[in-house]
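Trainee: What follows is a structure written as structure tokens; I'll ask about it next.
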Amino acid sequence: MRADYPLEYLYQVALPGDQGLRLDRWLPRQMEGLSRSQVQRLIDQGQVQINQQVCLSKKQLLQRGDWVAVEVPAPTPLDLQPEPMSLDILYEDEHLLVVNKPAGLVVHPAPGHAQGTLVHGLLAHCQSQAGSSLSGIGGVERPGIVHRLDRDTSGAIAIAKTNQAHHHLQTQLAAKTARRQYLAIVHGHPVAAEGTIDQPIGRHPVDRVKMAVVAEANGGRPAVTHWQVQQRLGNYTLMQFQLETGRTHQIRVHAAYLGWPIVGDPVYCRGKSIGVNLSGQVLHAWKLSFQHPASEAWLEVQAPLSPDFKTLLERLQGNQLADKRPMIL
């Protein structure tokens, strides 16, 4: 950070593609844990500077070489009430923790989910530990939340306890040095063993509940997903996905776009039954790899499969063995 910038977070407009972008579109890409509306609120509050001048216009167009500084306010006292719940904690220290989230658990409060979210459980967990808290960057309703998991997606999610840890993890996600790997069981079977899909994602033009592959000219945002076949299971495939970007429903949208919808997905895989009761899509955040925000040591945290995922996988593997067809591991 330049010495003449006392503010908390500093970014430079450096890429050719950033030239001419609106401030409120560019900044969320640098601070991945913040939504566009949260960034707009920071701008309205005078907490964003461009080249050491307060900028109050979210429509400000950026130029290459501009320095954008952001002052994140201190955490606001939370109105949320802590709710004790059983948390499967995979890693924890004074800076962060990684939780194995079960399918069906909403990450943070939202319309229709005012109680019983992971955030409520985290508040109770930190309250039970002297001196422990959650970062305030995500705002009153999303303290500590660095990245998201859909309600019905299980697996590893990182939680920041301090603003410094939150920013450090966000920076790694934006720079694509942190890695998020997922496992999923999909309908169908890719011909190739691995590949990459680079297709922008935006709100579905007709069904506003859904996301879809949408051209950038129509509001889509760049989205890149790497995929690899782990095991072929007859009419199904166990696949590994690695996110390069973090768009809403990204893996689910990209998998369905390629013709391999994720088993059990209630939004992008309707009408396909597998004869097993599932709590959600068979998509699991399997592994998180990142640099520790304080020690800078490389951490790799792996989340055990959810019961639904494990049961279905074992059943399909058993069918595969019974049919005496080869498996690719």
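Using the numbering used here, you'd call the opening residue of the sequence shown number 98 and step up by one each time.
The C-beta atom is built at its ideal place from N, Cα and C for all residues, glycine as well.
Can you give me the Cβ contacts of Pro113 inside the same chain, cut-off strictly under 6 angstroms, excluding the 5 residues immediately before and after it?
Mentor: Excluding residues within five positions, none has a Cβ falling inside 6 angstroms.
Trainee: Assuming contact is defined by CB atoms lying nearer than 8 angstroms, are Leu270 and Gly343 in contact in what I supplied?
Mentor: Contact: yes.
Trainee: How far does the beta strand (DSSP E) with Tyr108 in it extend, from its first residue to its last?
Mentor: Here the beta strand (DSSP E) through Tyr108 covers 106-109.
Trainee: Which class does Gln116 belong to by DSSP, given the choice of helix, strand or coil?
Mentor: Gln116 falls in the coil class under three-state DSSP.
Trainee: What are the residues that DSSP puts in a beta bridge with Ala281?
Mentor: Its beta-bridge partners are Met336, Leu380.
Trainee: So, for Pro319: in the same chain, excluding its five sequence neighbours on each side, which residues have a beta-carbon less than 8 angstroms away from its beta-carbon?
Mentor: So the qualifying residues of the chain are Asp295, Pro297, Glu313, Thr342.
Trainee: Is it buried or exposed for Thr293, if we count other Cβ within 10 angstroms and need 16 for buried?
Mentor: Answer is exposed; the Cβ neighbour count stays below 16.
Trainee: What are the residues that DSSP puts in a beta bridge with Gly292?
Mentor: Gly292 pairs with Trp324.
Trainee: Where does Ala255 sit, in a helix, a strand or coil, going by DSSP?
Mentor: The answer is strand: DSSP assigns Ala255 an E or B state.
Trainee: Which of the three DSSP states, helix, strand or coil, is assigned to Asn197?
Mentor: Here Asn197 sits in strand by DSSP.
Trainee: Helix, strand or coil for Val364? Go by DSSP, reduced to three states.
Mentor: Note: Val364 maps to coil in three-state DSSP.
Trainee: For Leu432, report the span of its alpha helix (DSSP H) as first-last.
Mentor: Examination of residue 432 is not possible in this model, given that the chain is present from 98 through 426 alone.
Trainee: For Lys421, which of helix, strand or coil comes out of DSSP?
Mentor: Residue confidence for Lys421 is low, a pLDDT of 45 falling below 50, so the modelled location carries little weight; the figure read from the coordinates is stated next. In the structure shown, Lys421 sits in coil (DSSP, three-state: anything other than H, G, I, E or B).
Trainee: Within 10 angstroms of the Cβ of Ile348, are there 16 or more other Cβ atoms? Answer buried if so, exposed if not.
Mentor: The residue is buried, with at least 16 neighbouring Cβ atoms inside 10 Å.
Trainee: Please determine if the segment 212-223 and the segment 143-163 are in contact, where contact requires at least 3 C-beta pairs separated by less than 8 angstroms.
Mentor: Cβ pair count under 8 angstroms is below three, so no.
Trainee: Identify the continuous alpha helix (DSSP H) that holds Ile348 and give its terminal residues.
Mentor: Start and end: 347-354.
Trainee: State the CB to CB distance for the pair Ser403 and Ala200, rounded to an integer number of angstroms; the pair is presumed to be in contact (CB under 8 angstroms).
Mentor: That belief holds up - the Cβ atoms of Ser403 and Ala200 are roughly 6 angstroms apart, short of 8 angstroms.
Trainee: Let's test the definition: count the other Cβ atoms within 10 Å of the Cβ of Pro174 and tell me whether it reaches 16, buried, or not, exposed.
Mentor: Here the model assigns Pro174 a pLDDT of 49, short of 50, so the residue's position is not dependable, and the following value carries that caveat. Looking at its Cβ environment, which holds fewer than 16 other Cβ atoms inside 10 Å, Pro174 is exposed.
Trainee: Are Gly241 and Ile254 close, meaning C-beta to C-beta below 8 angstroms?
Mentor: Result no, Cβ atoms of Gly241 and Ile254 do not sit closer than 8 angstroms.
Trainee: Quick check: Asp141 and Arg133, are their CB atoms within less than 8 angstroms of each other?
Mentor: No; because the gap between Cβ atoms is not below 8 angstroms, this pair is not in contact.
Trainee: Among all the DSSP beta bridges, which residues are the ones paired with Leu158?
Mentor: According to DSSP, Leu158 bridges with Arg119.
Trainee: Sort Gly331, His263, Thr345 by Cα distance to Ala309 and report the nearest one.
Mentor: Nearest C-alpha to Ala309: Thr345.
Trainee: Does the beta carbon of Pro199 fall short of 7 angstroms from some heavy atom of the ligand ATP?
Mentor: Among the components modelled here there is no ligand, and therefore nothing to report on the ligand ATP.
Trainee: Distance, Cα to Cα, Pro287 vs Pro358?
Mentor: Near 11 angstroms, if we compare the C-alpha coordinates of Pro358 and Pro287.
Trainee: Is the distance from the Cβ of Val167 to the Cβ of Tyr106 below 8 angstroms?
Mentor: Against a cut-off of 8 angstroms, the Cβ pair of Tyr106 and Val167 comes out as a contact.
Trainee: Once DSSP output is grouped into helix, strand and coil, what is the label at Ala391?
Mentor: It is coil, neither helix nor strand.
Trainee: When the Cα atoms are used, what is the spatial distance from Ala352 to Phe387?
Mentor: Answer to the nearest angstrom: the Cα atoms are 25 angstroms apart.
Trainee: Secondary structure at Gln137, three-state DSSP: helix, strand or coil?
Mentor: DSSP places Gln137 in helix when its eight states are reduced to three.
Trainee: In this structure, how does DSSP classify Gln146 when only helix, strand and coil are distinguished?
Mentor: Strand at Gln146.
Trainee: What's the C-alpha gap between Leu219 and His264?
Mentor: Taking the straight line joining both Cα atoms gives about 19 angstroms.
Trainee: Taking 8 angstroms as the threshold (beta carbon to beta carbon), is Gln388 in contact with chain D?
Mentor: Protein chains in the displayed structure number just one, and chain D is not present.
Trainee: Could you spell out the range, first to last residue, of the alpha helix (DSSP H) harbouring Ala262?
Mentor: Where Ala262 is concerned, the enclosing alpha helix (DSSP H) stretches over 260-272.
Trainee: Could you please give the first and the last residue of the uninterrupted alpha helix (DSSP H) stretch that includes Ala221?
Mentor: Unbroken alpha helix (DSSP H) run through Ala221: 215-224.
Trainee: Just mark Lys407 as buried or exposed, buried being the case when its beta carbon has 16 or more other beta carbons within 10 Å.
Mentor: Lys407 should be labelled exposed.
Trainee: For the candidate residues Leu202, Pro206, Ala262, whose alpha-carbon lies nearest to that of Ser230?
Mentor: When only C-alpha atoms are compared, the closest one is Ala262.
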